[in-house]
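A.B. asks:
Right, here's the structure in full:
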């Protein structure tokens, strides 16, 4: 058709063309999903448990501590004591600010 060089986007594009494109895209996606469904991975078997169930990477240290320590209360105390100990290191090292940092007891044990 005849289009002007500076034809405004409102109302032609925004009211007539954009909804047709959006609804057409949705219709194509729904049509493909109904006519040609694709499976993602294998279907789950509820009666077959995997041999080694591992947590996500951010839970793995906690999982290892709880798995190796026989007493669960001791494992929880270890889990809590590691961050607590790491948080107290700056306060223990700054007791004497004029001491040589390579001679500090905590620095020697950690590094």
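In the numbering used here, the protein residues as written are 2 to 112.
Where is the CB? At the ideal position from N, CA and C, for every residue including glycine.
Would residue 79 pass as a contact of residue 66 if the rule is Cβ separation under 8 Å?
C.D. replies: Yes; because the gap between Cβ atoms is below 8 Å, this pair is in contact.
A.B. asks: For residue 59 and residue 45, what's the separation of their Cα atoms in angstroms?
C.D. replies: If I take the Cα positions, the gap works out to 25 Å.
A.B. asks: Residue 13 lies in the alpha helix (DSSP H); which residues open and close that run?
C.D. replies: Element bounds for residue 13: n/a, residue is neither H nor E.
A.B. asks: I need the boundaries of the alpha helix (DSSP H) containing residue 35, first residue and last residue.
C.D. replies: Where residue 35 is concerned, the enclosing alpha helix (DSSP H) stretches over 19-36.
A.B. asks: Using the Cα positions of residue 22 and residue 34, report the straight-line distance between them to the nearest angstrom.
C.D. replies: Each residue's alpha carbon lies about 18 Å from the other.
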